[in-house]
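S.K.:
Number of protein chains: 2
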Amino acid sequence: MVNSRMKPDSAPKSSELATRSASTTAALRGAILAGEFAPGERIYEQGLSERLKVSRTPIREALKSLAGEGLLDHVPNRGYYVREYSVDDIVQAYEIRAALEGLAARRAAQIGLAAEQRATIEKALHDGEAFLERIEFSSADRVLYGEINSAFHSAILAGSQSRMLRDQLRLSQQIAPSSHRNIVAFERRDVRRRHDDHYRIYEAILCRDAARAELLMRDHVESVKIALIRSISHRPVFRDEAGGHPILESE
Amino acid sequence: MVNSRMKPDSAPKSSELATRSASTTAALRGAILAGEFAPGERIYEQGLSERLKVSRTPIREALKSLAGEGLLDHVPNRGYYVREYSVDDIVQAYEIRAALEGLAARRAAQIGLAAEQRATIEKALHDGEAFLERIEFSSADRVLYGEINSAFHSAILAGSQSRMLRDQLRLSQQIAPSSHRNIVAFERRDVRRRHDDHYRIYEAILCRDAARAELLMRDHVESVKIALIRSISHRPVFRDEAGGHPILESE
DNA sequence: TCAAGCATAAATGTATACAAAACGAGCTGC
DNA sequence: GCAGCTCGTTTTGTATACATTTATGCTTGA
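One line per chain: the protein sequences are A and B, in this order. Everything in the first sequence is counted per our numbering, starting at 1 for the first residue and increasing by one. Everything in the second sequence is counted per our numbering, starting at 1 for the first residue and increasing by one.
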């Protein structure tokens, strides 16, 4: 017996952004991640309303959503503020990401990758190989490598077949790119090493070695964290102003 | 130079639920976690509006928030639905929780616990000891032990001094209690063992042994997952209907 | 009989008006 | 000079009216 009060299988149309609320959310998210707002800056509803040519209602819904995603802070009766992330926050985001992506790799190994996911990963590995053949890396290449890297990680996340992991990871993944300070090592040696990591992780998943897949993936992401810490400690300008913990030094 | 457009340090009043939107969110969250809605059931705005005596506006804000927390699903133009969690989802929630609480314990060990947190933990350990002296466990005692357990874990989370971990953990922690199927082993032997785990975890944190604290905490939470799986496989009624993965068997 | 399409009802999405709270400037009194 | 108050402005919170979309049942036609 099918109950009409049950959730439909999927969205009615394939087209995204069905409502103004959704498109506003997407636009605002993009603007924040692109750094168009200063950290800690207050967001005024009416200003956005005029700028985006919609009423305050969808604006408010977008702000609520983004606050739930951790991009904004909300203080009742005092509005929304662009959330600030300290260096320590970014480091922590990598720690969390490492743990969660480790879980994703483990699950992917347990379940086994679908053909489509294997193809995506193999293409990413191949593209990475081609990328490493190059003589020089430009700043545009950073973006390119980022996409290759992202394809690899996304495919494994898809392989975990876990909406919960996907949702949780989105929270921690969104942090890092949102910070302009997130300039990880981009030496050829570092990229080469990370690319090698990808091979090993893929192999472990193919062998259905769940424990090894998790270990390798976690260490792989942690290595980016380490590189970030290294690059920061070489630049004492970015000392954590929050007067914080001895985390950065002790690790 | 202090910019007036910066976020205030904290909320204006200590009193919670400053707005109707906030109190509605809290009320709805409580109702959902208490199981007052069937999984997959559709939530109608107007019905809630009449029941809670507020207009649709704060209702809609509450629904958006709860969707962000993972308690509801939203389909554009088709409303909100109470999110359903399969057995596999619950097991996964424990896996994620184990990984994240492991991170929290690690950080707490690195930073070192504050006096207040040590006192809370020691009280929880003491209360647990008294609890285990009892002859019999009633169903009301489940709640009591749950509170003792919660005090212990919350104190360590507080000791991690990490808002990110707190936020991420809330997502995975809210899942498990929301399911009425979440009946973990409550034999004296199990409780005794978990209580011992707590001692060891606390000792590791006091010794500032971050790696050990993480390992112990992760295994501690994973053990609840294992107990859950065990209890399920003894009751084949609860076979995962989603036709899923070999996760439950393979682990 | 059944499928397609239209009409109607009901629910969500959006705009707007109004209420309440917070902020800031200026005044007052000491 | 300065603390504290008042009052007006600004901004957020809430209610409500309207628009749009979706669901449903009926009719129609083959």
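From the three backbone atoms N, C-alpha and C, an ideal C-beta is built for every residue, glycine too. All of these numbers come straight from a predicted model, not from anything done at the bench.
From A/Ala31 to A/Phe37, what distance separates their C-alpha atoms?
M.R.: One C-alpha to the other measures close to 7 Å.
S.K.: Could you confirm whether any beta carbon from chain A is found closer than 8 Å to the beta carbon of B/Ile96?
M.R.: B/Ile96 counts as touching chain A.
S.K.: Checking the sheet assignment: what are the DSSP bridge partners for B/His74?
M.R.: Its beta-bridge partners are B/Tyr80.
S.K.: Within the chosen definition, does the region 219-237 of chain B reach the region 81-96 of chain B through at least 3 CB pairs nearer than 8 Å?
M.R.: Taking 8 Å as the limit for Cβ pairs, the verdict is that the region 81-96 of chain B does touch the region 219-237 of chain B.
S.K.: Classify A/Ile194: buried if its beta carbon has 16 or more other beta carbons within 10 angstroms, exposed otherwise.
M.R.: First, the residue type needs correcting, since residue 194 of chain A is Arg and not Ile in the sequence shown. Looking at its Cβ environment, which holds 16 or more other Cβ atoms inside 10 Å, A/Arg194 is buried.
S.K.: With a CB to CB cut of under 7 Å and the five nearest residues on each side skipped, what residues in its chain are close to A/Leu157?
M.R.: Excluding residues within five positions, the ones whose Cβ falls inside 7 Å are Ala104, Leu165, Arg166, Leu169.
S.K.: Just to confirm the assignment: which complete alpha helix (DSSP H) runs, minimum length 4, are found wholly within the region 79-139 of chain B?
M.R.: Runs of the alpha helix (DSSP H) inside the region 79-139 of chain B: 87-111, 115-132.
S.K.: Closer than 8 Å, Cβ to Cβ, to anything on chain A: give me those residues from the region 85-119 of chain B, in chain order.
M.R.: Here the close residues are Asp89, Gln92, Ala93, Glu95, Ile96, Ala99, Leu100, Gly102, Leu103, Arg107, Gln110, Ile111.
S.K.: Which partner residues does B/Arg42 have in the DSSP bridge list?
M.R.: DSSP, once it has assigned bridges, lists B/Tyr81 as partnering B/Arg42.
S.K.: So, B/Ala99 versus B/Arg212, is the Cβ gap smaller than 8 Å?
M.R.: Against a cut-off of 8 Å, the Cβ pair of B/Arg212 and B/Ala99 comes out as no contact.
S.K.: Would a check of beta-carbon distances place A/Asn149 closer than 8 Å to chain B?
M.R.: Not one chain B Cβ lies under 8 Å of A/Asn149.
S.K.: Within the same chain, show all residues whose beta-carbon is closer than 8 Å to that of A/Asp209, passing over the 5 residues directly before and after it, in chain order.
M.R.: The answer, listed in chain order, is Ala109.
S.K.: Measuring only between beta-carbons, confirm whether B/Gly47 sits less than 8 Å from chain A.
M.R.: It does not: the Cβ of B/Gly47 has no partner Cβ on chain A nearer than 8 Å.
S.K.: What does the alpha-carbon distance come out to for the pair A/Ile135 and A/Thr120?
M.R.: If you take the alpha carbons of A/Ile135 and A/Thr120, they lie about 25 Å apart.
S.K.: Quick one: list the residues of chain B neighbouring A/Ser65, beta-carbon separation under 7 Å, in chain order.
M.R.: Residues of chain B passing the Cβ test: Lys64, Gly68.
S.K.: Given this structure, state the Cα-to-Cα distance separating B/Pro76 from A/Lys53, to the nearest angstrom.
M.R.: Approximately 20 Å between the Cα atoms of the pair.
S.K.: State the CB to CB distance for the pair A/Ala62 and A/Leu17, rounded to an integer number of angstroms; the pair is presumed to be in contact (CB under 8 Å).
M.R.: The Cβ separation is near 11 Å, so there is no contact.
S.K.: Can you tell which of A/His126, A/Tyr81, A/Glu187 has the C-alpha that lies nearest to the C-alpha of A/His198?
M.R.: Taking only the C-alpha atoms, the option nearest A/His198 is A/His126.
S.K.: Locate the alpha helix (DSSP H) running through B/Lys225, then write down its first and last residues.
M.R.: That run of the alpha helix (DSSP H) goes 210-233.
S.K.: Please name the residue, chosen from B/Leu216, B/Cys207, B/Ser150, B/Leu113, that lies closest to B/Gly128 on a Cα-to-Cα basis.
M.R.: It is B/Ser150 whose Cα lies nearest to the Cα of B/Gly128.
S.K.: Starting from the beta carbon of B/Glu61, find every residue of chain A whose beta carbon is closer than 9 Å, and list them in chain order.
M.R.: Going along chain A in sequence order, the residues near B/Glu61 (Cβ under 9 Å) are Arg60, Glu61, Lys64.
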